[in-house]
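Residue numbers for the sequence shown follow the UniProt record's numbering, beginning at 1 and rising by one.
What follows is a short report on a single structure.
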Amino acid sequence: MSKHGDIKVFMSNQDNKCEDCGREIEQGEFIQLYSNKVYCLTCADLDHLVFLPSGDTALTRRARKNSNLSAIVLKFIKHRKRNERQGVLVELDALEKAEQECAADAGEREIARAKANARRLKQDKKYIQDFATHIRKIFPKCPEGREYNIAEHACEKYSGRVGRSAQAKEFSPDAVEFAVVAHIRHAETKYDEYLMDGYSRETAREMIRDEIDKVVCQWTAG
1 MSKHGDIKVF MSNQDNKCED CGREIEQGEF IQLYSNKVYC LTCADLDHLV FLPSGDTALT
61 RRARKNSNLS AIVLKFIKHR KRNERQGVLV ELDALEKAEQ ECAADAGERE IARAKANARR
121 LKQDKKYIQD FATHIRKIFP KCPEGREYNI AEHACEKYSG RVGRSAQAKE FSPDAVEFAV
181 VAHIRHAETK YDEYLMDGYS RETAREMIRD EIDKVVCQWT AG
């Protein structure tokens, strides 16, 4: 837990529009609020996390402990006039590790349900392959196999991530680069640590800007 408190995400009670990218956000989607402005999880740099609903205290505790970056999910309940916790967002690897740790003291049905909630990677294989191919063309020095990891994440169905956008489906270089830079931000820098330490998104991005530029240059070098 950050000394500045937990990162909070909300389930939208109405249709919204992201302040950064302008994407239409449907009721029920996850959003983050900064200064009373609405941001989608992609622009909030939290879209790589998976949702773990409330209900299994041990699983939630272990998943958050194993996750470098996590957020509490809240929803405003109108008749109670308050925000209530719905679950948490954690890294997929952290959730899978937590499931293994809980396997000894949780029933098969509960574990199977938790796994089902975590595994939403049922994308169209050809589309992911094509997206990965375009990543490799633009970033020929990207570590071997990394393009598939990036493509699978960016193109996850129903996620609202860049890989599901109209631009991405046309393999726009800008959309491909956006997905790669987002991956570099989380995988190759201390960005997540800075967020958990309480730095704002803007400050954390500025702190790792040079690192991102360096990796981009390394991956695009001919």
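We treat Cβ as the ideally placed atom computed from N, Cα and C, and that holds for glycine.
Remember, it's a predicted structure, so these values are computed and weren't measured experimentally.
On the three-state DSSP scale, how would you describe residue i?
i       : result
Ala-71  : strand
Ile-77  : strand
Arg-120 : Low local confidence applies: a pLDDT of 45 at Arg-120 is under 50, so the model's placement there is unreliable, with the coordinate-based value given in what follows. Three-state result, Arg-120: coil.
Asn-66  : helix
Gln-14  : coil
Roughly how many whole angstroms lie between the Cα atoms of residue i and residue j?
i       : j       : result
Leu-69  : Glu-170 : 31 Å
Glu-211 : Ala-204 : 12 Å
Phe-139 : His-79  : 51 Å
His-48  : Ala-132 : 17 Å
Gly-22  : Ala-103 : 42 Å
Tyr-148 : Gln-129 : 7 Å
Val-38  : Leu-46  : 14 Å
Met-11  : Ile-77  : 10 Å
Lys-125 : Lys-81  : 44 Å
Out of the options, which one is the CA nearest neighbour of residue i?
i       : options                             : result
His-134 : Ala-71, Leu-46, Ala-94 and Val-180  : Val-180
Leu-52  : Gly-87, Ile-31 and Phe-76           : Gly-87
Leu-33  : Ile-150, Lys-214 and Ala-44         : Ala-44
Thr-189 : Arg-136, Val-73 and Ile-208         : Ile-208
Gln-218 : Pro-143, Ala-94, Phe-30 and Lys-81  : Pro-143
Ala-175 : His-186, Arg-201, Glu-96 and Thr-42 : Thr-42
Asn-83  : Tyr-127, Lys-8, Arg-201 and Arg-146 : Lys-8
Gly-28  : Asn-13, Tyr-127 and Val-73          : Asn-13
Quick one: complete beta strand (DSSP E) runs, 3+ long, within the region 21 to 64? 30 to 34, 37 to 40 and 50 to 53
In chain order, which beta strand (DSSP E) runs of at least 3 residues are fully inside the UniProt domain "DUF2293" (135 to 219)? none
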